[in-house]
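2 protein chains.
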Amino acid sequence: MTSPIRKKRVSLDKVRRYLEPGPVVLVSSAWEGQRNIMTMGWHTVMAFSPSLVGCMISAGNHSFEMVRRSRECVINLPTFELTDQVIGIGNTSGATIDKFDHFGLSAGTSEEVAAPLVNECYANFECRLVDDSLVDRYGFFVWEVVNAKAEPSPEYPETLHYTGDGVFIVAGKVIDRREQFLPQML
Amino acid sequence: MTSPIRKKRVSLDKVRRYLEPGPVVLVSSAWEGQRNIMTMGWHTVMAFSPSLVGCMISAGNHSFEMVRRSRECVINLPTFELTDQVIGIGNTSGATIDKFDHFGLSAGTSEEVAAPLVNECYANFECRLVDDSLVDRYGFFVWEVVNAKAEPSPEYPETLHYTGDGVFIVAGKVIDRREQFLPQML
Chain G
1 MTSPIRKKRV SLDKVRRYLE PGPVVLVSSA WEGQRNIMTM GWHTVMAFSP SLVGCMISAG
61 NHSFEMVRRS RECVINLPTF ELTDQVIGIG NTSGATIDKF DHFGLSAGTS EEVAAPLVNE
121 CYANFECRLV DDSLVDRYGF FVWEVVNAKA EPSPEYPETL HYTGDGVFIV AGKVIDRREQ
181 FLPQML
Chain Z
1 MTSPIRKKRV SLDKVRRYLE PGPVVLVSSA WEGQRNIMTM GWHTVMAFSP SLVGCMISAG
61 NHSFEMVRRS RECVINLPTF ELTDQVIGIG NTSGATIDKF DHFGLSAGTS EEVAAPLVNE
121 CYANFECRLV DDSLVDRYGF FVWEVVNAKA EPSPEYPETL HYTGDGVFIV AGKVIDRREQ
181 FLPQML
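Protein chains in written order, with UniProt numbering: chain G, 1 to 186; chain Z, 1 to 186.
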């Protein structure tokens with residue numbers, strides 16, 4: 001578990017460092033006195049600056065109307081030690097339980113949005129909805145990350161990457177190939 | 001390196017198994033007698049059936065006009081052993097070299113699209129453009145996968161996951177938590 005006190009601010013153009021590898025994330029939201037968390041694996045970085053992230057949230061999720069109406073969410077990055085919570089959150093509905101309480105997670109106060117963040121996650125990305133033009137057709141939301149914080153260590157956390165069928169791949173060895181890149185491509 | 005002979009057809013609704021974990025991919029395309037390959041890390045699964053994948057290709061890439069005009073591409077999944085080629089392809093432009101020849105990769109014939117596939121990759125997903133409404137604004141293309149093939153083994157390949165700054169995370173241990181899922185969530 002991580003401590004909210006240790007987290008450091010992340011430059012918004014560096015959000016790709018955490019999300020581009022494709023981890024499962026937890027999306028937290030609030031609307032009309034309710035709060036919720038959902039597990040989400042369908043997302044992509046879309047721009048460095050402004051810091052844009054696109055994600056899929058289908059209308060069948062309890063979070064769908066909450067994020068659509070509040071136009072805010074927090075994308076939280078869990079690590080391997082939160083595997084049970086990630087699975088539990090993905091297999092329950094916020095229509096019947098408060099997932100923070102049920103899974104023993106604490107809701108932190110965000111700085112730029114009203115949606116709560118998940119303290120126990122390695123990183124928290126506070127988001128505002130900037131484009132809902134593909135929401136009706138696909139459930140595709142385009143978010144601008146407006147505040148970002150992450151644990152300072154480990155430098156590369158053991159994130160979870162979902163393949164379907166209950167199987168996750170855990171982030172493994174880190175390979176630094178910086179010397180093979182053109183400077184302008186880094 | 002993989003052999004085109006060994007690859008088996010993948011059910012189109014199972015494409016998420018390969019792309020949802022967030023690997024770097026190689027996008028191959030063809031247009032007016034030219035062919036090209038680009039390295040791409042910004043993509044997301046968008047639907048099971050039809051099998052939809054969204055990806056970002058910025059206008060600065062030589063491949064941009066090729067995929068926009070041909071409305072086709074192949075998304076190829078490289079593994080750890082192709083790291084040098086993945087980096088090289090990402091650091092060169094198809095405006096000046098033929099990347100298949102330059103990086104010693106062989107172009108395979110796709111079954112459903114005119115774009116060539118990269119034989120040496122673990123999997124090949126032939127795609128047709130189904131939605132270009134966010135291309136001008138973001139460079140976001142929505143593809144339908146119309147044919148998919150993958151190596152039968154290893155079951156979970158060592159894919160590359162890019163963090164920026166020349167650093168990749170390699171897919172590590174596989175954890176099967178199937179028994180923790182509700183049947184309808186698998």
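Note that CB positions come from ideal geometry on N, CA and C, so glycine has one too.
Treat the numbers as computed from the prediction; the structure is a model and nothing was measured.
message: Closer than 9 Å between beta carbons: that is the criterion. Which residues of the region 172-183 of chain Z meet it against chain G?
response: G172, K173, V174, I175, D176, R177, R178, E179, Q180, F181 and L182
field: Cut-off 6 Å between Cβ atoms - residues of its own chain near A123/Z, not counting five sequence neighbours on either side
entry: For this step, residue 123/Z is matched to residue 123 along the second sequence. Result list for A123/Z: Y18, L77 and A150, in chain order.
- request: Check each candidate in D84/G, V170/G and N147/G and name the one with the smallest Cα separation from I75/G.
  value: In the first sequence, counting from the first residue as 1, residue 75/G sits at position 75. Looking at the Cα atoms, N147/G is the closest of the given residues.
message: Do Y156/G and V167/Z have their beta-carbon atoms positioned less than 9 Å apart in this structure?
response: On the second sequence, position 167 is the one that residue 167/Z refers to. On the first sequence, position 156 is the one that residue 156/G refers to. Cβ distance < 9 Å, so V167/Z and Y156/G count as in contact.
query: List, in order along the chain, the chain Z residues whose C-beta lies closer than 8 Å to that of P23/G?
result: In the first sequence, residue 23/G corresponds to position 23, counting from 1. Result: G22.
field: Per-residue burial, S58/Z [other beta carbons within 10 Å of its own, 16 or more giving buried]
entry: Numbered from its first residue, the second sequence carries residue 58/Z at position 58. With fewer than 16 other Cβ atoms within 10 Å, it is exposed.
message: Do V45/Z and residue 189/G have their beta-carbon atoms positioned less than 9 Å apart in this structure?
response: With chain G covering only 1 through 186, there is no way to say anything about residue 189/G.
- request: Determine the burial state of R6/G: buried for a count of at least 16 other Cβ atoms within 10 Å of its Cβ, exposed for fewer.
  value: Along the first sequence, read from residue 1 onward, the residue named residue 6/G stands at position 6. Classification for R6/G: exposed.
Short CB-CB distance (under 9 Å) between D101/Z and chain G: One-based indexing of the second sequence puts residue 101/Z at position 101. Not an interface residue.
field: Neighbour-count burial assignment, E126/G, 16 or more Cβ in a 10 Å radius
entry: Reading the first sequence from its first residue, position 126 is the one you call residue 126/G. By the 10 Å Cβ count, E126/G comes out buried.
query: I175/Z: buried (16+ other C-beta within 10 angstroms of its C-beta) or exposed?
result: Residue numbering aside, residue 175/Z sits at position 175 when the second sequence is read from its first letter. That one is exposed.
- prompt: If you draw a straight line from the C-alpha of R177/Z to the C-alpha of I37/G, how long is it?
  reply: Within the second sequence, numbered from 1, the residue matching residue 177/Z stands at position 177. Within the first sequence, numbered from 1, the residue matching residue 37/G stands at position 37. Taking the straight line from one Cα to the other gives about 20 Å.
message: One question on the structure: do A114/G and A47/G come within less than 9 Å of each other, judged by their Cβ atoms?
response: In the first sequence, counting from the first residue as 1, residue 114/G sits at position 114. In the first sequence, counting from the first residue as 1, residue 47/G sits at position 47. Not closer than 9 Å, so no.
- request: In the DSSP assignment, find the unbroken alpha helix (DSSP H) run with R69/G in it and report its ends.
  value: Here residue 69/G refers to the residue found at position 69 of the first sequence. First-last of the alpha helix (DSSP H) with R69/G: H62 to S70.
Delimiting residues of the alpha helix (DSSP H) encompassing V135/G: For the purposes of this step, residue 135/G is taken as the residue at position 135 of the first sequence. Unbroken alpha helix (DSSP H) run through V135/G: V135 to Y138.
message: At a CB distance below 7 Å, what residues from the region 137-157 of chain Z approach chain G? Give them in sequence order.
response: Y138, F140 and Y156
- prompt: Mind checking whether V53/G and W143/G have CB atoms under 9 Å apart?
  reply: Walking along the first sequence from the start, residue 53/G turns up at place 53. Walking along the first sequence from the start, residue 143/G turns up at place 143. Yes, the Cβ-Cβ distance between V53/G and W143/G is below 9 Å.
field: Contact set between M185/Z and chain G, taken where Cβ atoms lie within less than 7 Å
entry: Position 185 of the second sequence, counted from the start, is the residue given in the question as residue 185/Z. Here the neighbours are G90 and N91.
message: What residue range does the alpha helix (DSSP H) around Q85/G cover?
response: By 1-based counting over the first sequence, the position of residue 85/G is 85. Residues T83 to G90.
task: Mind checking who K8/G pairs with in its DSSP beta bridge?
output: Here the question's residue 8/G lines up with position 8 in the first sequence. K8/G is bridged to A150/G.
field: Within chain Z, partners of M56/G - CB distance below 9 Å
entry: Counted from its first residue, the first sequence places residue 56/G at position 56. Under the 9 Å cutoff, chain Z gives T44, V45, M46, A47 and G54.
message: Quick check: the Cα distance between L182/Z and H102/G, rounded to an integer number of angstroms?
response: Looking up residue 182/Z in the second sequence gives position 182. Looking up residue 102/G in the first sequence gives position 102. Whole-angstrom Cα-Cα distance: 17 Å.
- prompt: Under the three-state reduction of DSSP, which class applies to D176/Z: helix, strand or coil?
  reply: On the second sequence, residue 176/Z is found 176 positions in, with the first residue counted as 1. Strand, per DSSP.
- prompt: Helix, strand or coil: how does DSSP classify L186/Z here?
  reply: In the second sequence, the residue the question calls residue 186/Z occupies position 186. If DSSP states are grouped into helix, strand and coil, L186/Z belongs with coil.
query: Under the three-state reduction of DSSP, which class applies to D98/G: helix, strand or coil?
result: Here residue 98/G refers to the residue found at position 98 of the first sequence. DSSP places D98/G in coil when its eight states are reduced to three.
Residue range of the alpha helix (DSSP H) that includes Y156/Z: Translated into positions along the second sequence, residue 156/Z becomes position 156. Y156/Z -> no alpha helix (DSSP H), and no H or E assigned at all.
query: Just curious, the alpha helix (DSSP H) that Y122/G is in, first and last residue?
result: In the first sequence, the residue the question calls residue 122/G occupies position 122. Premise fails: Y122/G is in no alpha helix (DSSP H) and is neither H nor E.
- prompt: Interface residues of chain G around Y162/Z at Cβ under 8 Å?
  reply: Numbered from 1 along the second sequence, position 162 holds the residue referred to as residue 162/Z. Ordered by position in chain G, the residues that pass the 8 Å Cβ test against Y162/Z are E20 and P21.
- request: Since I believe G22/G is in contact with G164/Z (beta carbons under 8 Å), could you give me their beta-carbon distance rounded to a whole number of angstroms?
  value: Your numbering for residue 164/Z matches position 164 in the second sequence. Your numbering for residue 22/G matches position 22 in the first sequence. Actually they are not in contact, since the Cβ atoms of G164/Z and G22/G sit about 13 Å apart, beyond 8 Å.
- prompt: Are H161/G and A171/Z closer than 9 Å when you measure CB to CB?
  reply: Translated into positions along the first sequence, residue 161/G becomes position 161. Translated into positions along the second sequence, residue 171/Z becomes position 171. The answer is yes: Cβ separation under 9 Å.
message: Spatial neighbours of R128/G within its chain, please: C-beta separation below 8 Å, excluding the five flanking residues on both sides.
response: Start at 1 with the first residue of the first sequence, and residue 128/G comes out as number 128. So the list reads R71, E72, E112, V113, W143, E144 and V146, once near-sequence residues are dropped.
query: Do P116/Z and S28/Z come within 9 Å of each other at the CB atom, strictly closer than that value?
result: As a working mapping, residue 28/Z is identified with position 28 in the second sequence. As a working mapping, residue 116/Z is identified with position 116 in the second sequence. The answer is yes: Cβ separation under 9 Å.
task: Using three-state DSSP, classify L26/G as helix, strand or coil.
output: Counting from 1 along the first sequence, the entry for residue 26/G is found at position 26. Residue state, collapsed to three classes: strand.
- prompt: By the 10 Å Cβ neighbour count, where 16 or more other Cβ atoms means buried, how is R137/Z classified, buried or exposed?
  reply: Residue numbering aside, residue 137/Z sits at position 137 when the second sequence is read from its first letter. Label assigned to R137/Z: exposed.
task: Starting from L160/Z, trace the beta strand (DSSP E) both ways and give me its first and last residue.
output: Working through the second sequence from its first residue, we reach residue 160/Z at position 160. Its beta strand (DSSP E) spans residues L160 to Y162.
- prompt: Which partner residues does A107/Z have in the DSSP bridge list?
  reply: Position 107 of the second sequence, counted from the start, is the residue given in the question as residue 107/Z. The partner list for A107/Z (beta bridge, DSSP) reads V118/Z.
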